[in-house]
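Each step along the sequence shown adds one to the number in the UniProt record's numbering, with nothing skipped, and position 165 is 165.
Let me begin by presenting the structure, written as structure tokens, before commenting on it.
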Amino acid sequence: MKYVIIGASAAGINGAENLRALDKDGEIILISKDTHVYSRCILHHYIGEMRDVDGINFVDKDFFEKNNINWIKGREVISLDENKKIITLDDGEVISYDKVLIASGSRPFFPPIENINDKENVVGLKSLDDCNKIIEISKKAKNIVVIGAGLIGMDAITGLLHNPNVHANLSLIEMSDRLLPLQLDKEASITYEKKLLEKGVKLFFNSKVTKLNVNPKNSNLINCLSLVDDGCDIELLADLVIVCAGVKSNTEFLQNTSVEFDKIGLLFNEKGETNVKDIYGAGDVSGRGTIWSVAVKDGIVATSNMAGVERIMDDFFFAKSTMNFFDIPTLSLGCQSIYEKNPSIIVESIRERNGVYKKIAHRDGKIYGAIIQGDLSYTGVLTQLIRLGIDFSKIKKSIFNIDYSDFFNINSELEFEYKN
């Protein structure tokens with residue numbers, strides 16, 4: 001059997017390792033634009049010079065040799081022919097396959113803002129190449145602007161704040177009324193907001209960038225940007241603009257195929273199967289906001305089915321984010337915008353004496369979402385309640401004091417077992 005995997009991040013790498021474990025003799029080829037294996041979750045550590053390239057690598061140095069995987073690095077897939085079962089690379093090389101896993105991930109999305117494209121000092125943040133460009137430009141920059149205050153935008157800002165070579169004025173622009181609007185409510189968001197303000201970052205909420213203004217001396221650069229901030233027109237100087245306004249799935253090479261994808265990303269089921277036989281998908285190429293742990297499971301499930309071992313994805317959340325900006329750990333489960341606007345869902349919150357913030361959304365004894373900030377020791381039991389769909393309504397104590405003993409027994413193997 002000849003397997004081809006497209007992409008060398010969480011889904012692709014873990015999928016490749018799983019394939020080798022299941023099929024000792026099959027040929028495995030992994031293709032990636034990247035020339036290094038690295039975790040995209042900690043790129044801000046690289047920007048902040050807290051880790052080097054080896055420090056963000058998540059596999060052993062002999063990973064490919066040990067697993068007998070042919071890694072074709074620095075190459076991009078430009079087309080796929082599902083009838084001939086061949087893949088064409090950007091250098092013209094053609095590779096055949098029996099089964100293929102598409103784990104090509106995503107790239108930064110640049111919104112339709114005037115002059116945002118093809119400028120040397122306008123960069124996204126999704127790859128090691130992006131980081132290297134940001135690091136190089138930021139050394140000389142006097143003013144740096146980050147567009148978007150989601151997880152990637154926060155990574156960019158915190159990375160720059162940690163870098164000892166960055167002495168620029170930093171500004172963060174967000175269309176919503178708070179940082180991390182998809183993950184956090186205002187109460188949790190303001191904790192990070194205060195830290196950014198303490199470090200001199202200018203914050204612009206309810207703001208929209210309308211135009212990037214070209215440098216009159218060099219049309220390949222921008223020197224400032226225009227934005228509307230709470231109805232007022234403002235102009236910000238900018239030697240570097242980092243665009244963190246979302247991502248776009250890497251599915252262009254599927255344009256002339258019958259493989260189904262929508263405006264968001266590649267479509268595949270709980271087994272990782274696409275609509276075309278022998279073509280599978282995993283990870284962020286779905287465009288559904290896949291987190292690292294889910295991408296890993298995606299890759300393992302898809303490659304298991306590729307190797308003839310049936311598995312399904314049945315234990316991940318609609319949305320789950322863990323963050324630790326400024327040494328303040330925070331976990332978000334569920335989508336804030338969904339349950340905040342649903343009148344049938346009860347939302348309770350508490351700020352404890354030690355400063356820990358807890359917020360839980362529930363209905364009919366089932367938990368639909370939560371925010372925990374400051375101490376994540378409580379998140380284990382919450383995660384299990386959600387994953388197993390456990391009804392907590394018969395428990396008389398406060399929802400914020402529920403623990404494992406309320407739902408689980410310890411079996412003879414000293415493991416927690418759910419009790420009905």
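Glycine included, every Cβ here is placed at the ideal spot set by N, Cα and C.
Note that the coordinates shown come from a computational prediction; the quantities given were computed from them, not determined experimentally.
Close-in-space but distant-in-sequence residues of the same chain around residue i (CB under 6 Å, 5 per side omitted)
{"i": "residue 347", "result": "361"}
{"i": "residue 414", "result": "Interpretation of residue 414 is limited by its pLDDT of 46, a score under 50 that renders its predicted location unreliable; the figure taken from the coordinates is listed afterwards. Taken in chain order, the list of residues that qualify is empty."}
{"i": "residue 329", "result": "376"}
{"i": "residue 169", "result": "143"}
{"i": "residue 126", "result": "107 and 108"}
{"i": "residue 422", "result": "Coverage of the chain is limited to positions 1 through 420, which leaves residue 422 absent and any answer about it impossible."}
{"i": "residue 159", "result": "44, 47 and 48"}
{"i": "residue 383", "result": "none"}
{"i": "residue 251", "result": "261 and 266"}
{"i": "residue 436", "result": "Any question about residue 436 goes unanswered here, given that the chain covers just 1 to 420."}
{"i": "residue 165", "result": "139"}
{"i": "residue 264", "result": "287"}
{"i": "residue 42", "result": "56"}
First through last residue of the alpha helix (DSSP H) which encompasses residue i
{"i": "residue 192", "result": "186–198"}
{"i": "residue 304", "result": "292–306"}
{"i": "residue 129", "result": "128–138"}
{"i": "residue 8", "result": "Element bounds for residue 8: n/a, residue is neither H nor E."}
{"i": "residue 43", "result": "43–47"}
{"i": "residue 380", "result": "379–387"}
{"i": "residue 65", "result": "63–66"}
Residue i and residue j closer than 8 Å at C-beta
{"i": "residue 103", "j": "residue 299", "result": "yes"}
{"i": "residue 266", "j": "residue 257", "result": "no"}
{"i": "residue 130", "j": "residue 73", "result": "no"}
{"i": "residue 22", "j": "residue 5", "result": "no"}
{"i": "residue 358", "j": "residue 345", "result": "no"}
{"i": "residue 162", "j": "residue 50", "result": "yes"}
{"i": "residue 151", "j": "residue 323", "result": "yes"}
{"i": "residue 119", "j": "residue 242", "result": "no"}
{"i": "residue 227", "j": "residue 208", "result": "yes"}
{"i": "residue 282", "j": "residue 11", "result": "yes"}
{"i": "residue 392", "j": "residue 386", "result": "no"}
{"i": "residue 214", "j": "residue 115", "result": "yes"}
{"i": "residue 349", "j": "residue 235", "result": "no"}
{"i": "residue 355", "j": "residue 374", "result": "yes"}
{"i": "residue 421", "j": "residue 82", "result": "Past the boundaries of the shown model lies residue 421; the chain is included only from 1 to 420, so the question cannot be answered."}
{"i": "residue 20", "j": "residue 57", "result": "no"}
Exposed unless 16 or more other CB atoms sit within 10 angstroms - verdict on residue i
{"i": "residue 183", "result": "buried"}
{"i": "residue 279", "result": "buried"}
{"i": "residue 260", "result": "exposed"}
{"i": "residue 389", "result": "exposed"}
{"i": "residue 197", "result": "exposed"}
{"i": "residue 13", "result": "buried"}
{"i": "residue 309", "result": "exposed"}
{"i": "residue 40", "result": "buried"}
{"i": "residue 210", "result": "exposed"}
{"i": "residue 155", "result": "buried"}
{"i": "residue 157", "result": "buried"}
{"i": "residue 244", "result": "buried"}
{"i": "residue 78", "result": "exposed"}
{"i": "residue 312", "result": "exposed"}
{"i": "residue 342", "result": "exposed"}
{"i": "residue 304", "result": "buried"}
{"i": "residue 25", "result": "exposed"}
{"i": "residue 18", "result": "buried"}
Residue i - containing beta strand (DSSP E), residue span
{"i": "residue 263", "result": "Premise fails: residue 263 is in no beta strand (DSSP E) and is neither H nor E."}
{"i": "residue 373", "result": "366–373"}
{"i": "residue 204", "result": "202–204"}
{"i": "residue 27", "result": "27–32"}
{"i": "residue 238", "result": "Neither: residue 238 is in no beta strand (DSSP E) and is coded neither H nor E."}
{"i": "residue 361", "result": "357–363"}
{"i": "residue 80", "result": "77–81"}
{"i": "residue 320", "result": "320–323"}
{"i": "residue 281", "result": "279–281"}
{"i": "residue 224", "result": "218–229"}
{"i": "residue 209", "result": "207–215"}
{"i": "residue 332", "result": "330–333"}
Any non-hydrogen atom of the ligand COA within 7 Å of residue i CB
{"i": "residue 67", "result": "Absence of the ligand COA from the depicted structure is noted, as is the absence of any ligand whatsoever, leaving it without description."}
Cut-off 8 Å between Cβ atoms - residues of its own chain near residue i, not counting five sequence neighbours on either side
{"i": "residue 117", "result": "110"}
{"i": "residue 239", "result": "121, 137, 140, 141, 142, 143, 144, 168 and 223"}
{"i": "residue 193", "result": "178, 179 and 203"}
{"i": "residue 325", "result": "154, 158, 192 and 195"}
Spatial neighbours of residue i in its chain, beta-carbon cut-off 7 Å, leaving aside the 5 residues before and after
{"i": "residue 401", "result": "none"}
{"i": "residue 363", "result": "344, 345 and 346"}
{"i": "residue 307", "result": "19, 22 and 23"}
### Task
Let me know the alpha helix (DSSP H) ranges lying completely inside the segment 145–181, each 4 residues or longer, listed in chain order.
151–162
### Task
May I have a chain-ordered list of the beta strand (DSSP E) segments no shorter than 3 residues that lie completely inside the segment 90–132?
94–96, 99–102, 106–108 and 122–124
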